[in-house]
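Presented below is the structure to which this report refers.
Now the structure itself:
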């Protein structure tokens, strides 16, 4: 359960990072807050900042919402004991992680600029991915922060 | 709601407010560079030029970086004009700002080019502004995009930012616009060759052939006078 909680929390943070980048790509808020290097502008205005007609950050928003939603669904009492949620989360986050590896490769070796916000998102999705892999190895029924034990009624 | 739910809600509120604050403080187009200045002063500047100082014909172009016809002219016609007329010493080309009031980011884009000019990269920035002219179609604040253009043009972005925030060339741009008014510039681009207004009427997009014919005609006339 703690793994799923950690994934939900990290996905929520990642969602806001991606949301900021997406809103910026849509023209809200003027210059991006990125330090003096200007790396974010270079990355955000490069030809790779758009994927299939949409800003790359949009896919981040959708991805984090999906991971967050699945993690919350997996935290329901009825789902806690089901291992398939761990598999689903590991699958989803693996796709996100691979996409992030590709984007980081572009930053380092093609665009030759680093966007701090993109690095932040890359760290978050990597952590989520690692946690999701660890969750595959553990029993899914562990209880943790805020979990209320299932009320046990008298045997019928 | 359990403790974890409360934690998620708190994190969501804090991060949501942070993103909101970041977007609000993003600045946008600095007012000093985007709007008309309160006063106008002549700093003696008369536009950036291409070509040799002793060329027999000087063409002055009044332009607006947000104007689509100016962009089409710069991208389609200017390369040939540079090759056939400017680089061959027949024409000197002078660029003057004429920001149109109907365009939201005209002054801002003119200012971006002037700030690039302060670092010796006016034409590099002008190329960026015209070649990636999609910015003019979106209506969105282009300040971040222009910073990218500044970087791509090889500018010191910090100095560029300072120049834009100070509105260092706002008066110069307004002076150029008023100069255009006094010369009866009635739209952009408007061209003058050795002081005479060209392509009068509705024709805003002359071709490189038009300029070649014009320069040949002026050159032939000046020869026959000798």
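Protein chains in written order, with my numbering: chain A, 1 to 156; chain B, 1001 to 1226.
Here a beta-carbon is modelled for each residue, glycine too, at the ideal position from N, C-alpha and C.
{"Item": "Closest Cβ-Cβ distance between residue 1033(B) and chain A: below 8 Å?", "Value": "no"}
{"Item": "Determine the direct distance from the alpha carbon of residue 126(A) to that of residue 1170(B), and round the result to whole angstroms.", "Value": "47 Å"}
{"Item": "Quick one: residues in its chain with C-beta nearer than 7 Å to the C-beta of residue 1062(B), no 5 flanking neighbours on either side, listed in chain order?", "Value": "1096, 1098, 1180, 1185, 1188, 1189 and 1190"}
{"Item": "Residue 60(A) to residue 2(A), Cα distance in whole Å?", "Value": "24 Å"}
{"Item": "Please state if the CB of residue 1126(B) and the CB of residue 1150(B) are separated by a distance shorter than 8 Å.", "Value": "no"}
{"Item": "Please confirm if residue 97(A) has its CB atom under 8 Å from at least one CB of chain B.", "Value": "no"}
{"Item": "On the CB-based measure, 16 or more other CB atoms within 10 Å of its CB, does residue 109(A) come out buried or exposed?", "Value": "exposed"}
{"Item": "Which class does residue 21(A) belong to by DSSP, given the choice of helix, strand or coil?", "Value": "helix"}
{"Item": "Do residue 18(A) and residue 94(A) count as a contact pair if the criterion is CB distance below 8 Å?", "Value": "no"}
{"Item": "Under 8 Å between beta-carbons, which chain B residues line up against residue 20(A)? List them in chain order, please.", "Value": "1019, 1022 and 1023"}
{"Item": "When the Cα of residue 1133(B) is compared with those of 1160(B), 1159(B) and 1066(B), which residue comes out closest?", "Value": "1066(B)"}
{"Item": "At a CB-CB cut-off below 8 Å, which residues of chain B make contact with residue 137(A)?", "Value": "Correct list: empty, because the minimum Cβ distance to chain B is about 22 Å."}
{"Item": "Can you list the residues of chain B that residue 74(A) reaches, using a CB-CB cut of under 9 Å?", "Value": "By Cβ distance, chain B contributes nothing, its closest Cβ being about 12 Å from residue 74(A), past 9 Å."}
{"Item": "Would you mind telling me which residues of chain A sit closer than 8 Å to residue 1011(B), beta carbon to beta carbon, in chain order?", "Value": "9, 12 and 13"}
{"Item": "Does the beta carbon of residue 152(A) sit closer than 8 Å to a beta carbon anywhere in chain B?", "Value": "For residue 152(A), the predicted structure reports a pLDDT of 45, less than 50, and the residue's modelled location is therefore unreliable. The matter cannot be settled from this model."}
{"Item": "What distance in whole Å lies between the Cβ atoms of residue 97(A) and residue 129(A), which are believed to be in contact at a cut-off of 8 Å?", "Value": "4 Å"}
{"Item": "Should residue 1016(B) be flagged as near chain A, meaning a C-beta pair shorter than 8 Å?", "Value": "yes"}
{"Item": "With 8 Å set as the bound, which would you pick, yes or no: does the beta-carbon of residue 1129(B) sit closer than that to a beta-carbon of chain D?", "Value": "Absence of chain D from the displayed structure is noted, the protein chains being A and B."}
{"Item": "Where DSSP assigns a beta bridge to residue 1056(B), which residues make up the other side?", "Value": "The partner list for residue 1056(B) (beta bridge, DSSP) is empty, contrary to what the question assumes."}
{"Item": "DSSP three-state label for residue 1091(B), please.", "Value": "strand"}
{"Item": "Flag this pair as yes or no: are the beta carbons of residue 1091(B) and residue 1215(B) separated by less than 8 Å?", "Value": "yes"}
{"Item": "In whole angstroms, what separates the C-alpha of residue 25(A) from that of residue 1176(B)?", "Value": "33 Å"}
{"Item": "Is there a Cβ of chain B sitting closer than 8 Å to that of residue 16(A), yes or no?", "Value": "yes"}
{"Item": "Please identify the residue among 1110(B), 1206(B) and 1174(B) whose C-alpha is closest to the C-alpha of residue 1043(B).", "Value": "1174(B)"}
{"Item": "Tell me whether residue 152(A) sits in a helix, a strand or coil according to DSSP, three-state version.", "Value": "For residue 152(A), the pLDDT reaches just 45, beneath the cut-off of 50, and the residue's location in the model is therefore unreliable, although a value from the coordinates is still provided. Residue 152(A) falls in the coil class under three-state DSSP."}
{"Item": "What's the gap between the Cα of residue 102(A) and the Cα of residue 48(A)?", "Value": "11 Å"}
{"Item": "Taking only beta-carbon atoms, is residue 1063(B) less than 8 Å away from chain A?", "Value": "no"}
{"Item": "If we define contact as Cβ-Cβ less than 8 Å, is residue 1214(B) a contact residue for chain A?", "Value": "no"}
{"Item": "Does any residue of chain B have a CB that is nearer than 8 Å to the CB of residue 149(A)?", "Value": "Here the model assigns residue 149(A) a pLDDT of 44, short of 50, so the residue's position is not dependable and the matter cannot be decided."}
{"Item": "Using C-beta distances below 7 Å, list every residue in its chain close to residue 66(A), excluding the 5 sequence neighbours before and after it, in chain order.", "Value": "92"}
{"Item": "Starting from the C-beta of residue 1159(B), find all residues in its chain whose C-beta is less than 7 Å away, skip the five residues before and the five after it, and write them out in chain order.", "Value": "1119"}
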